[in-house]
Amino acid sequence: MSTSGQPQFRYTQTPSKVLHLRNLPWECTEEELVELCKPFGKIVNTKCNVGANHNQAFVEFADLNQAIQMVSYYASSSEPAQVRGKTVYIQYSNRHEIVNNKSPGDVPGNVLLVTIEGVEAGDVSIDVIHLVFSAFGFVHKIATFEKAAGFQALIQFTDAETASSARNALDGRSIPRYLLPEHVNSCSLRISYSAHTDLNIKFQSHRSRDYTNPYLPVNPTAMEGLLQPALGPDGKKKEPESNVLLASVENMQYVVTVDVLHTVFSAFGTVQKIAIFEKNGGTQALIQYPDVTTAAVAKDALEGHCIYDGGYCKLHLSYSRHTDLNVKAFSDKSRDYTIPDSSLLAVQQVPVLPAAPTVWQNSQAASMYPGNEYAAATAVHSQVSAGQAPSWNPTMQAGRSTYMQVPSTFPGQTYPASPVPAYGTAATPVGSSPLLHSSPVSPVVASVTMTQPGFHTNVRPSGASPPNQPPYYGQ
DNA sequence: AGCACA
Numbered sequence: 001m002s003t004s005g006q007p008q009f010r011y012t013q014t015p016s017k018v019l020h021l022r023n024l025p026w027e028c029t030e031e032e033l034v035e036l037c038k039p040f041g042k043i044v045n046t047k048c049n050v051g052a053n054h055n056q057a058f059v060e061f062a063d064l065n066q067a068i069q070m071v072s073y074y075a076s077s078s079e080p081a082q083v084r085g086k087t088v089y090i091q092y093s094n095r096h097e098i099v100n101n102k103s104p105g106d107v108p109g110n111v112l113l114v115t116i117e118g119v120e121a122g123d124v125s126i127d128v129i130h131l132v133f134s135a136f137g138f139v140h141k142i143a144t145f146e147k148a149a150g151f152q153a154l155i156q157f158t159d160a161e162t163a164s165s166a167r168n169a170l171d172g173r174s175i176p177r178y179l180l181p182e183h184v185n186s187c188s189l190r191i192s193y194s195a196h197t198d199l200n201i202k203f204q205s206h207r208s209r210d211y212t213n214p215y216l217p218v219n220p221t222a223m224e225g226l227l228q229p230a231l232g233p234d235g236k237k238k239e240p241e242s243n244v245l246l247a248s249v250e251n252m253q254y255v256v257t258v259d260v261l262h263t264v265f266s267a268f269g270t271v272q273k274i275a276i277f278e279k280n281g282g283t284q285a286l287i288q289y290p291d292v293t294t295a296a297v298a299k300d301a302l303e304g305h306c307i308y309d310g311g312y313c314k315l316h317l318s319y320s321r322h323t324d325l326n327v328k329a330f331s332d333k334s335r336d337y338t339i340p341d342s343s344l345l346a347v348q349q350v351p352v353l354p355a356a357p358t359v360w361q362n363s364q365a366a367s368m369y370p371g372n373e374y375a376a377a378t379a380v381h382s383q384v385s386a387g388q389a390p391s392w393n394p395t396m397q398a399g400r401s402t403y404m405q406v407p408s409t410f411p412g413q414t415y416p417a418s419p420v421p422a423y424g425t426a427a428t429p430v431g432s433s434p435l436l437h438s439s440p441v442s443p444v445v446a447s448v449t450m451t452q453p454g455f456h457t458n459v460r461p462s463g464a465s466p467p468n469q470p471p472y473y474g475q
C-alpha cells in the first residue's frame, strides 16, 4: 500500500521484517538461507528460488528489529553475506510479509505423504515401502490407504531432516521393478510432506505398521502374512513369514558354499547366520536375517533364480520355522556372522575400516537402483558408506546421500587393493543381476556378461574363479 | 544484481 505507485530506491526503502536476497547460488535451499539469516533472529517464513533465474529469495523474520540487525550488519561488514561462496545482496523487501509461501505439502515435517502412481494398492506391500524408505533412517510408522489420488502411504520418520532426505532422493523416482509384481510396468513416487507429526497406528496389518511398537496387536481382519498362516493368492495356505529363509538348491552342478550364499543373500541386508545341510538327497540352507522384512524381500527377489548361469544351482525359497539359528560360528557348513571378534567374520559388524566383503555388500547396494533411475548415485553412496551396513538394511541410517546425482564411480574402484575373496567374484553377480535385469526370469548370474556402461565395474569380471569352482560364465 | 499468485 504505502509503496505502491512510486519506484523504490534502496536508500529510501523502509525497513521490513521481510528481506529480499539476490545473487544467490542456483537453487539455493531453504536450509542455506536459514543458515545465513538465523544468527540475526527467528525466521518465520522463507521463499526460495524466486525470480527468472531462481536465484533470489525472501526471508521473513519474526521481528522487524531482527531484519534491521541483519541488514545493518552486512551494510557495515567487511565480509559480505555469502552462500556457497557467492556474495548475497540483502535489502528490505517492499512487502511486509511472505504470502502464500508454500503449498501445505511443501512445509517440511517428519511425516511424508507418498503417492505411488501406476499401481494398485495390492501391488506394493508395506514391507517394500518400509524397505525403500528405511534407507534414509528409522521408519517409525507407516499407514497406507487408497484415495482418489491413488495408492498412498504416510511414512513417519524421526525428524524432518530424515524425511526430507528421503523426499529429495525419492520424489519422482520409481520403486525398483524387482520389488514389484511382474505386471507392474511403472510406478513413480510422488512425495510431499504431511501435516501429521505422529501417526496413530492401531494395528499391525497389511496396511499399517508401527515399527516402534512390536507388541501392538495385529488386526485380525486386516492381517495378512503376519505371524499366522494366511491364504496365498492360489487359496492355499501360506507359510508364516520368518526372518529365516529356507533355500533348497536345485540342479546343484557346482558346490554351493557358505560364502557363496553369504554373498548372494547379503545383497538384501545383513546376513546373520547360515547353515547348509543335506535333506532328501538335496542340499538346503537356512539363511537368517535380522528381520522378516529383509527376508521377505530377499525371498521375493531370489526365488527361482540361479546362482550360476545356465540354470545351475537354482534357488527355491520358503520361510523357515526357525527365527534364530543355532550354528557353529565357523565351519564349512555354517557360519555365524554375528560373532564380532573373529577377524574372518567381523566384516559384518560395521568395521572401522572397509573390508572387502563389506565393500562387496555395498556394491550390491549400489546396484539396487539400476539403470537410468538411480544408477550412478547409489554407487557413490556406496563409497561414502563403505564399511557400514548395506543400503537396504532397514537399520541403516546413512542413506541420505544415496540418490544424489553425481558421476558414477564404483566402490570396487575405491579399494583397488582390497583383497576380494574369490568366492565373492563368483557369486556377486547373483545379487546384482535381478536388479540389472528387468526380467525376473533372467538367470541370476547373467549380469556378468552384460556390458551395461557404468555397471561393469560392479561385477568384477576379471576376478579369479574360486578353487574347485567352475567359472561362472561361459561354461 | 533489484521483489513473489503464474
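Per full-length UniProt numbering: the first sequence = residues 1 to 475. The beta carbon of each residue, even a glycine, is placed where N, CA and C say it ideally should be.
In three-state DSSP terms, what is residue i?
i, result
"Ser72", "helix"
"Tyr254", "coil"
"Asn168", "helix"
"Thr162", "helix"
"Ala295", "helix"
"Val119", "coil"
"Tyr215", "coil"
"Phe268", "coil"
"Leu21", "strand"
"Ile191", "strand"
"Leu261", "helix"
"Val132", "helix"
"Leu199", "coil"
"Gln13", "coil"
List the residues that DSSP assigns as beta-bridge partners of residue i.
i, result
"Arg335", "Ile274 and Phe330"
"Asp210", "Lys141"
"Gly282", "Lys279"
"Asn45", "Glu60"
"Cys306", "Lys314"
"Ile287", "Leu245 and Ile274"
"Lys147", "Gly150"
"Lys86", "Val83"
"Ser125", "Ser125 is not bridged to any residue."
"Val50", "Gln56"
"Tyr178", "Paired residue(s): none; Tyr178 is not in a bridge."
"Cys114", "In the sequence under discussion, the amino acid at residue 114 is Val, which differs from the Cys named in the question. The partner list for Val114 (beta bridge, DSSP) reads Ala153 and Ile191."
"Gln204", "Val218"
"Gln91", "His20"
Less than 8 Å separating the beta-carbons of residue i and residue j?
i, j, result
"Ala57", "Lys47", "yes"
"Val327", "Ala295", "no"
"Lys141", "Gln156", "yes"
"Phe138", "Thr158", "yes"
"Phe203", "Pro217", "yes"
"Gly282", "Val249", "yes"
"Arg190", "Ser242", "no"
"Cys28", "Val99", "no"
"Ile43", "Val50", "no"
"Asp336", "Lys279", "no"
"Leu199", "Leu170", "no"
"His312", "Asn219", "Going by the sequence as given, residue 312 is Tyr instead of His. Not closer than 8 Å, so no."
"Ala143", "Ser78", "no"
Take residue i and list the residues in its own chain whose beta-carbon comes closer than 6 Å to its own, dropping the five residues that flank it on each side.
i, result
"Leu315", "Ala247, Leu302 and His305"
"Thr395", "Any reading at Thr395 needs caution, since the residue's pLDDT is 37, under 50, leaving its predicted position unreliable; the model's value is listed next. Counting only Cβ-Cβ distances below 6 Å, and skipping sequence neighbours, we find nothing."
"Tyr74", "Ala81 and Ile90"
"Ala275", "Leu286, Leu325, Val327 and Ser334"
"Ser192", "Gly105 and Leu113"
"Glu30", "Thr46 and Cys48"
Once the 5 residues before and after residue i are set aside, which same chain residues still bring their CB inside 7 Å of it?
i, result
"Asp123", "Leu180, Pro181 and Val184"
"His96", "Ser16, Lys17 and Val18"
"Asn23", "Asn55, Lys86, Thr87, Val88 and Tyr89"
"Thr197", "Gly109, Asn110 and Val111"
"Phe265", "Val271, Ile287 and Ala298"
"Thr293", "Asp127, His130, Leu131 and Pro394"
"Gly41", "Phe61, Ala62, Asp63, Gln66 and Gln69"
"Pro39", "none"
"Thr323", "Ser242, Asn243 and Val244"
"Ser186", "Gly118 and Ser174"
Quick one: what's got a C-beta closer than 8 Å to residue i's C-beta in the same chain, skipping five residues either side?
i, result
"Tyr92", "Gln13, Thr14, Pro15, Ser16, Val18, Leu19, His20, Ala67 and Val71"
- Task: Check whether the segment 174–194 touches the segment 118–129, taking contact to mean three or more Cβ pairs, one atom from each stretch, closer than 8 Å.
- Result: yes
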